[in-house]
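First up is the structure itself, then whatever we jot down about it.
There are 2 protein chains.
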Amino acid sequence: MATGRTHRPATRSRGIPEATVARLPLYLRALTALSERSVPTVSSEELAAAAGVNSAKLRKDFSYLGSYGTRGVGYDVEYLVYQISRELGLTQDWPVVIVGIGNLGAALANYGGFASRGFRVAALIDADPAMAGKPVAGIPVQHTDELESIIQDNGVSIGVIATPAGAAQQVCDRLVAAGVTSILNFAPTVLSVPDGVDVRKVDLSIELQILAFHEQRKAGEEATATAESPAVPTATRTESATDQGPDGDVPAVMPA
Amino acid sequence: MATGRTHRPATRSRGIPEATVARLPLYLRALTALSERSVPTVSSEELAAAAGVNSAKLRKDFSYLGSYGTRGVGYDVEYLVYQISRELGLTQDWPVVIVGIGNLGAALANYGGFASRGFRVAALIDADPAMAGKPVAGIPVQHTDELESIIQDNGVSIGVIATPAGAAQQVCDRLVAAGVTSILNFAPTVLSVPDGVDVRKVDLSIELQILAFHEQRKAGEEATATAESPAVPTATRTESATDQGPDGDVPAVMPA
DNA sequence: CGTTGTGAACGGATTCACAGCC
DNA sequence: GGCTGTGAATCCGTTCACAACG
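Residue numbers (UniProt numbering), protein chains in the order written: chain U, 1 to 256; chain W, 1 to 256.
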């Protein structure tokens with residue numbers, strides 16, 4: 001089973017660039033904040049500052065969605081919130097399951113950012129029978145045995161894996177077999193999935209290692225460049241305007 | 001190879017591209033697994049498969065580090081583990097503090113991937129006085145009041161923020177003022193930091209939103225049906241735009 | 001006016017394909 | 001023969017700069 005579909009070209013012909021998609025949630029968050037303050041319109045410059053990107057990039061990003069701004073004025077906040085939400089698919093309800101209810105799984109279950117944006121935690125699943133029935137974030141934990149039926153009964157297409165590394169692939173296989181087609185993986189493992197299934201990974205220790213690399217470089221530099229400016233740099237509290245590297249992502253779709 | 005006198009491009013980032021740095025931890029993890037199985041050598045093809053990248057990219061990445069392979073044979077696993085560890089700065093000890101010991105902070109404190117890679121949790125810090133003294137992952141939680149002294153006494157340069165969004169900037173400011181120069185931010189907020197401070201962000205809800213985008217596209221494709229829904233509803237408010245919206249910041253790379 | 005929207009220039013990252021070496 | 005290392009080609013994303021337009 002699960003064999004060769006032709007490898008999908010990274011970006012669909014008429015699609016929005018991946019880099020842009022990855023920033024839409026950022027814009028959405030900034031816009032939501034403005035919306036809550038009842039700000040009616042915003043310029044690309046202001047919004048870009050709030051989102052921590054530069055304005056040319058933001059305008060280019062929005063241009064892929066359509067012409068939603070007004071020259072000389074800016075963008076209508078409410079309208080843009082709607083357009084981006086729709087583009088991201090957040091106007092519909094996405095039931096998700098979280099598998100692995102340790103500290104991390106519990107943190108995810110309690111995370112407000114999920115529930116507040118179209119994501120609904122349909123179930124919490126754990127392999128430990130002792131957990132079964134215990135409520136976490138108000139939702140009773142269910143045993144792994146029920147994974148398949150939970151997914152089918154709730155029409156779940158997005159799964160979150162927060163298990164130990166050793167269990168991740170097995171859980172992944174079961175999720176996929178049961179119909180899940182998008183996976184957010186927190187376990188430090190490379191998951192193999194059939195074509196057509198998206199995987200995004202979040203690896204806590206990888207991020208730290210990247211920081212360590214830069215930290216080490218700073219330390220080394222300081223030794224060679226003793227004649228720099230005095231003391232601390234200015235109090236320039238610029239927003240961190242530097243782009244994260246090629247984001248932490250490895251888009252998806254594994255080889256089979 | 002450019003041993004020539006052609007002078008290098010402006011930004012003196014002596015060598016390794018960001019994209020490569022971001023993948024080194026991935027390679028390291030795959031290599032460590034091989035090492036534990038006592039595999040002596042590995043080809044670029046095999047290692048690439050284990051790390052989930054393609055082999056040309058892997059070879060190009062390694063070429064930035066030096067010529068550590070043997071043509072016709074492959075790479076020596078142990079040697080490569082050492083070289084990458086050194087490059088990433090993992091041969092030294094990095095004391096880190098985690099601020100905000102909720103579920104997420106506890107998950108981080110318990111996360112084995114930290115300790116096993118040169119990172120040492122020097123302290124857990126929380127604002128709740130009731131937490132003080134309580135051990136989490138074997139380490140007693142300390143109160144925020146002691147943040148500055150902890151950082152200075154331990155020579156901490158890397159801080160992890162796992163607080164609610166509202167507290168993140170304030171915590172960040174204190175960390176930076178006390179000497180921290182690299183921050184891993186889990187709070188859904190854009191952090192402002194002075195030049196010279198690196199910030200990397202991990203935003204749980206952003207990843208889910210990106211998945212939702214792709215998921216939606218799959219669904220639409222399969223139906224190929226009706227295009228976008230037309231009319232823009234009234235004052236569309238995606239969901240219960242409750243408290244903290246999700247938000248993301250764009251981390252930093254190098255000092256200016 | 002001021003600000004958007006976008007072609008064009010640029011630069012970095014990925015991929016190709018093969019020379020070089022074991 | 002097999003595999004690494006790498007210039008060259010290509011792809012993708014960012015930035016520039018300005019025309020279009022309310």
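Every residue, glycine too, gets a C-beta built ideally from N, C-alpha and C.
query: Cβ distance (whole Å) where residue 262 of chain W is taken to contact W:V77 below 8 Å; result: Only positions 1 to 256 of chain W appear in the structure, and residue 262 of chain W is not among them; the question remains open.
query: Inter-residue spacing [alpha-carbon to alpha-carbon] between U:A19 and W:I210; result: 10 Å
query: 8 Å contact criterion, which W:F114 and U:S205 should meet: CB distance rounded; result: 6 Å
query: Burial state of W:T226, where buried means 16 or more other Cβ atoms lie within 10 Å; result: Its pLDDT being 42, under 50, W:T226 is placed unreliably by the model, and the measurement read from it follows with that caveat. Exposed, because fewer than 16 other Cβ atoms sit within 10 Å of the Cβ of W:T226.
query: Residue range of the alpha helix (DSSP H) that includes W:G113; result: G112 to A115
query: CA-to-CA distance, W:G105 to W:T163, given in whole angstroms; result: 8 Å
query: Reduced DSSP category for W:I16 - H, G, I as helix; E, B as strand; rest coil; result: coil
query: Partners in chain U for W:P25, counting only beta-carbon separations shorter than 8 Å; result: D203, S205, I206, Q209 and I210
query: Nearest residue (CA-CA) to U:T41, options U:I183, U:N110, U:S157 and U:G69; result: U:G69
query: Cross-strand partners of U:L124 (DSSP beta bridge); result: U:I98 and U:V141
query: Distance between beta carbons of U:E45 and U:S55, contact taken as under 8 Å; result: 5 Å
query: Backbone CA spacing between W:G100 and W:K134 [nearest angstrom]; result: 13 Å
query: Spatial distance of U:A123 from W:G15 (CA atoms); result: 47 Å
query: Proximity test, Cβ basis, 8 Å: W:F62 and chain U; result: no
query: Chain U contact for W:T163 (CB, 8 Å cutoff); result: no
query: W:D198: contacting residues in chain U (beta-carbon distance under 7 Å); result: L211 and H214
query: Any chain U beta carbon closer than 8 Å to W:Y79; result: no
query: W:G112 vs W:W94 beta-carbon contact at 8 Å; result: no
query: Short-range partners of chain U found in the stretch 158-183 of chain W, where Cβ spacing is below 7 Å; result: I158, T181 and S182
query: Alpha-carbon to alpha-carbon, U:S116 and U:Q92; result: 12 Å
query: Per DSSP, cross-strand counterpart(s) of W:F119; result: W:W94
query: C-beta neighbour in chain W for U:T20, strict 8 Å; result: no
query: Exposure of W:P188, with buried meaning 16 or more beta-carbon neighbours within 10 Å; result: buried
query: 8 Å Cβ cutoff, W:V99 in contact with chain U; result: no
query: Members of the stretch 24-43 of chain W that neighbour chain U once the beta carbon cut-off is set at 9 Å; result: L24, P25, L26, L28, R29 and A30
query: Strand pairing of residue 262 of chain W, partner residues [DSSP]; result: Any question about residue 262 of chain W goes unanswered here, given that chain W covers just 1 to 256.
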